[in-house]
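Numbering-wise, the sequence shown is residues 35 to 176 according to this note's numbering.
Just so you know, even glycine gets a beta-carbon here, dropped at the ideal spot from N, CA and C.
Computed from a predicted model, the values in this text were never measured in an experiment.
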Amino acid sequence: MLSDELIKTALHVVAPFIAAIVAIIGWLATSMLNRKNEIFKQILEERLKRRMMMFESVFEALLPFANPRNGELSVSGEKLSELLSMANKLVQLYGNNCEIDCFRKFTSAINGKDLDLVKKLLIDELPLFRENMREELGYGSL
């Protein structure tokens, strides 16, 4: 049998090594978790910037339909086409399936020159973009 003195001596020698190993493992784990968290935050920040760009683009493209002057759109022709094209590109890249479907409804109503349907969609569907943006930011719905 081992004597008590030998066990105490062994513990005094082994304990610092065990503590050092635990400290090194903790240090490495913390470093990896911090790096993973930083990458996640950078991705989230970039995603939010892109989604905000998308929201602004959709809003700007559809704004002329919200308040036409004397039945005429305040923006028309090439400028309107450019706004809708940019909004469509951003929705396709950064929108979720609901937003893509919603924007398709808008574009088909616009192409069909159905201003009444566009106004109805603005009231019914445009808040979807806002709600999704608020959800992404973590604010919840209104």
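With 16 as the cutoff for other CB atoms within 10 Å, does residue i come out buried or exposed?
| i | result |
| --- | --- |
| PHE74 | exposed |
| SER91 | buried |
| ASN166 | buried |
| ALA49 | exposed |
| VAL125 | buried |
| ALA63 | exposed |
| ALA95 | buried |
| ALA54 | exposed |
| ALA44 | exposed |
| ASN68 | exposed |
| ASN122 | buried |
How is residue i classed by DSSP in three states: helix, strand or coil?
| i | result |
| --- | --- |
| ASN130 | coil |
| LYS83 | helix |
| SER91 | helix |
| ASP178 | Residue 178 lies beyond the stretch modelled for the chain, which goes from 35 to 176, so this question has no answer here. |
| GLY60 | helix |
| ASP177 | Residue 177 lies beyond the stretch modelled for the chain, which goes from 35 to 176, so this question has no answer here. |
| SER37 | coil |
Assuming residue i contacts residue j (C-beta within less than 8 angstroms), just tell me the rounded distance between them.
| i | j | result |
| --- | --- | --- |
| PHE89 | PHE163 | 5 angstroms |
| LYS153 | PHE99 | 7 angstroms |
| ILE134 | LEU118 | Not quite, the Cβ-Cβ distance comes to about 14 angstroms (not below 8 angstroms), so this is no contact. |
| GLU112 | LYS139 | No, GLU112 and LYS139 are not in contact; Cβ-Cβ is about 23 angstroms, not under 8 angstroms. |
Given a cut-off of 8 angstroms, decide if residue j and residue i are closer than it, judged by their beta-carbon atoms.
| i | j | result |
| --- | --- | --- |
| GLU170 | LEU97 | no |
| ARG85 | TYR128 | yes |
Return yes when at least one heavy atom of the ligand SAM lies under 7 angstroms from the C-beta of residue i, else no.
| i | result |
| --- | --- |
| ARG168 | Ligands are entirely absent from the displayed structure, and the ligand SAM is therefore not among its contents. |
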